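Asks: I have a structure I would like to understand better, so I am pasting it below and will then ask my questions one at a time.
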Amino acid sequence: ADRDRLASSTGPGRTADGHPVKLLLNIGSAADVPAGSPGEGVGLFRSEFLFLDRRTAPSHEEQTRAYEDVLRAFPDAAVVVRTLDAGTDKPLPFLGLPEEHNPALGVRGLRVARRSPEVLDAQLDALAEAARASGASPWVMAPMVTTAGEAADFARRARVRGITHVGAMVEVPAAALHADRLLAELDFLSIGTNDLSQYTFAADRQHGELADLLDPWQPALLQLIERCAEAGRAAGKPVGVCGEAAADPLLATVLVGLGVTSLSMSARSVPAVRDALARHSLGQCREHARLALTAADPGAARAAVREAAAA
Ligand code: PEP
Ligand code: MG
Numbered sequence: 244a245d246r247d248r249l250a251s252s253t254g255p256g257r258t259a260d261g262h263p264v265k266l267l268l269n270i271g272s273a274a275d276v277p278a279g280s281p282g283e284g285v286g287l288f289r290s291e292f293l294f295l296d297r298r299t300a301p302s303h304e305e306q307t308r309a310y311e312d313v314l315r316a317f318p319d320a321a322v323v324v325r326t327l328d329a330g331t332d333k334p335l336p337f338l339g340l341p342e343e344h345n346p347a348l349g350v351r352g353l354r355v356a357r358r359s360p361e362v363l364d365a366q367l368d369a370l371a372e373a374a375r376a377s378g379a380s381p382w383v384m385a386p387m388v389t390t391a392g393e394a395a396d397f398a399r400r401a402r403v404r405g406i407t408h409v410g411a412m413v414e415v416p417a418a419a420l421h422a423d424r425l426l427a428e429l430d431f432l433s434i435g436t437n438d439l440s441q442y443t444f445a446a447d448r449q450h451g452e453l454a455d456l457l458d459p460w461q462p463a464l465l466q467l468i469e470r471c472a473e474a475g476r477a478a479g480k481p482v483g484v485c486g487e488a489a490a491d492p493l494l495a496t497v498l499v500g501l502g503v504t505s506l507s508m509s510a511r512s513v514p515a516v517r518d519a520l521a522r523h524s525l526g527q528c529r530e531h532a533r534l535a536l537t538a539a540d541p542g543a544a545r546a547a548v549r550e551a552a553a554a
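Here's what the structure looks like:
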């Protein structure tokens with residue numbers, strides 16, 4: 244048994260009965276990829292670092308080089324690049340966006356392309372070129388997608404440039420409710436639980452006093468995740484989680500039971516999540532999901548799943 248445990252702390256993610264779950268990395272640059280990387284690819288490459296603290300946009304060459312570095316670090320695996328997520332907690336001076344009364348509900352994420360589509364197009368041009376130069380086929384997704392119409396517009400911009408895997412983050416409840424319509428336009432979804440919690444519970448994600456509302460074990464949040472996973476299963480397309488929820492080993496079993504196909508997290512979280520999945524069958528994960536969904540609140544959900552996992 245000890246040898247099995249050791250074997251489970253490297254290699255691809257899977258449940259005790261062999262159901263595969265991709266374990267991917269959240270990174271901010273190629274420098275975040277550890278040597279002998281534990282993941283099976285990159286589930287969230289936050290591209291903001293290229294744009295931070297700048298008065299002018301990064302050049303085409305600079306962007307291309309940054310994407311190429313990451314693509315080359317994972318020659319045989321998927322790398323999901325997220326297009327620029329500006330606004331609120333990520334203000335970017337070069338965009339010259341006006342101050343907003345309510346920035347979390349304002350022009351942020353993909354919405355910036357309404358005003359400055361050239362910023363998004365330049366990013367997609369650089370990514371397409373990095374793909375050609377490295378021979379990789381990158382996946383691209385947009386943050387803060389809210390409607391199927393936005394998803395369709397984003398997909399068109401990416402596909403005319405030859406990018407074949409186009410997706411969206413699900414961070415807004417409307418997007419989760421219409422996950423099936425988004426998937427009619429897209430190849431995959433990735434659920435950002437940090438923002439999806441903020442917008443579902445109307446609670447600022449930085450607000451310490453409201454931490455109980457932002458708990459990723461909230462049954463209402465899990466219900467939205469289940470809806471996305473069901474839409475993915477019906478469409479035969481991947482639906483992953485890339486928010487903080489994916490890094491909680493016990494919650495990871497719940498997410499797999501809800502039907503998500505990948506979990507993306509910082510590199511240091513991968514071994515514990517891999518071990519948790521390796522200790523539970525898909526049937527047990529589904530039972531954990533049922534217990535969490537039907538619990539009264541996050542504390543009860545956590546306690547019920549912890550008890551089932553210990554049994
Ligand atoms: C999220 O919102 O869950 C997410 C992964 O994106 P970020 O934390 O960069 O907003
Ligand atoms: Mg987010």
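Residue numbers (full-length UniProt numbering): 244 to 554. Yeah, the Cβ is synthetic: ideal placement off N, Cα and C, and Gly gets one too. For clarity, every value in this text was computed on a predicted model and none was experimentally measured.
Which residues share a DSSP beta bridge with N269?
Replies: N269 is bridged to L287.
Asks: Output the residue ranges of the alpha helix (DSSP H) runs that lie fully inside the segment 361-413 and measure 4 residues or longer, sorted by chain position.
Replies: With a minimum length of 4 residues, the continuous alpha helix (DSSP H) runs that stay inside the segment 361-413 are 391-402.
Asks: Quick check: S377 and T407, are their CB atoms within less than 7 Å of each other?
Replies: Cβ atoms of S377 and T407: not closer than 7 Å.
Asks: For T253, is the classification buried or exposed, using 16 other Cβ atoms within 10 angstroms of its Cβ as the cut-off for buried?
Replies: Exposed, since its Cβ has fewer than 16 Cβ neighbours within 10 Å.
Asks: Helix, strand or coil: how does DSSP classify R257 here?
Replies: Strand.
Asks: Determine the extent of the alpha helix (DSSP H) in which R470 is found, giving its start and end residues.
Replies: Segment 462-478, the alpha helix (DSSP H) holding R470.
Asks: If you draw a straight line from the C-alpha of I270 to the C-alpha of G261, how long is it?
Replies: The alpha-carbon atoms of I270 and G261 are separated by roughly 27 Å.
Asks: Cβ atoms of A422 and V409: under 7 Å apart, would you say?
Replies: No, the Cβ-Cβ distance between V409 and A422 is not below 7 Å.
Asks: Okay, do the segment 423-436 and the segment 482-490 touch, 3+ Cβ pairs below 8 Å being the bar?
Replies: A contact exists between the segment 423-436 and the segment 482-490.
Asks: Taking 7 Å as the threshold (C-beta atoms), are V503 and A535 in contact?
Replies: It is not a contact, given that the beta carbons lie outside the stated cut-off.
Asks: Would the beta-carbon of S509 fall within 7 Å of that of G286?
Replies: Contact flag unset, no.
Asks: Is any heavy atom in the ligand PEP found nearer than 6 Å to the beta carbon of A345?
Replies: Per the sequence shown, residue 345 should be read as Asn rather than Ala. Flag unset: Cβ of N345 not near the ligand PEP.
Asks: In angstroms with no decimal places, state the Cα-to-Cα distance between A472 and A446.
Replies: The alpha-carbon atoms of A472 and A446 are separated by roughly 24 Å.
Asks: For a test of the three-state rule: what should DSSP assign to residue 207, helix, strand or coil?
Replies: Summary: the structure shown does not reach residue 207, with the chain confined to residues 244 through 554, and so no result is reported for it.
Asks: Could you name the residues of the same chain whose beta carbon sits closer than 7 Å to that of R358, not counting the 5 residues immediately before and after it, in chain order?
Replies: Contacts found: V350.
Asks: Drop a sphere of 10 angstroms on the beta-carbon of Q449, count the other beta-carbons inside from all chains shown, and report buried for 16 or more, exposed for fewer.
Replies: Label assigned to Q449: exposed.
Asks: So, helix, strand or coil for P459, using DSSP?
Replies: Coil, per DSSP.
Asks: Alpha carbon to alpha carbon, how far is E283 from D319? Give it in angstroms, no decimals.
Replies: Taking the straight line joining both Cα atoms gives about 9 Å.
Asks: Contact between the segment 287-303 and the segment 520-529 is defined here as three or more beta-carbon pairs at a separation below 8 Å; is this criterion met?
Replies: Taking 8 Å as the limit for Cβ pairs, the verdict is that the segment 520-529 does not touch the segment 287-303.
Asks: Counting only the same chain and skipping the five closest in sequence on each side, list residues whose C-beta sits under 6 Å from that of L453.
Replies: If we look at L453 and ignore the five residues flanking it on each side, its Cβ neighbours are A446.
Asks: Please classify L467 as buried or exposed, where buried requires at least 16 other C-beta atoms within 10 Å of its C-beta.
Replies: By the 10 Å Cβ count, L467 comes out buried.
Asks: Measure from the alpha carbon of V322 to the alpha carbon of each residue in R298, K265, R354, V362, then state which is nearest.
Replies: Among R298, K265, R354, V362, the Cα nearest to that of V322 belongs to K265.
Asks: In whole angstroms, what is the alpha-carbon distance linking F294 and A300?
Replies: Each residue's Cα considered, the two are about 7 Å apart.
Asks: Please report the distance separating the alpha-carbon of residue 599 from that of L456.
Replies: This structure leaves residue 599 out entirely; the chain is present only between 244 and 554.
Asks: Is it buried or exposed, A374, if we count other Cβ atoms within 10 angstroms and call 16 or more buried?
Replies: By the neighbour-count rule (16 or more Cβ atoms within 10 Å), A374 is buried.
Asks: Leaving out five residues on either side along the sequence, give the residues of the same chain with a beta carbon under 8 Å from the beta carbon of R297.
Replies: Once the five neighbours on either side are set aside, the close Cβ partners of R297 are L335, P336, F337.
Asks: What ranges does the alpha helix (DSSP H) occupy inside the segment 519-550, keeping only unbroken runs of at least 4 residues that lie completely in it?
Replies: For the segment 519-550, whole alpha helix (DSSP H) runs of length 4 or above, ordered along the chain, are 525-537.
Asks: Would A411 and L426 be called neighbours here (beta carbons separated by less than 7 Å)?
Replies: It is not a contact, given that the beta carbons lie outside the stated cut-off.
Asks: Quick check on R545: buried or exposed, where buried means 16 or more other Cβ atoms within 10 Å of its Cβ?
Replies: Result: buried.
Asks: Closest to G479 by CA distance: which of A515, R257, L429, A489 is it?
Replies: Cα-wise, what sits closest to G479 is L429.
Asks: My understanding is that L520 touches T258, with C-beta atoms under 8 Å, so please give their C-beta distance in whole angstroms.
Replies: The Cβ separation is near 5 Å, so the contact holds.
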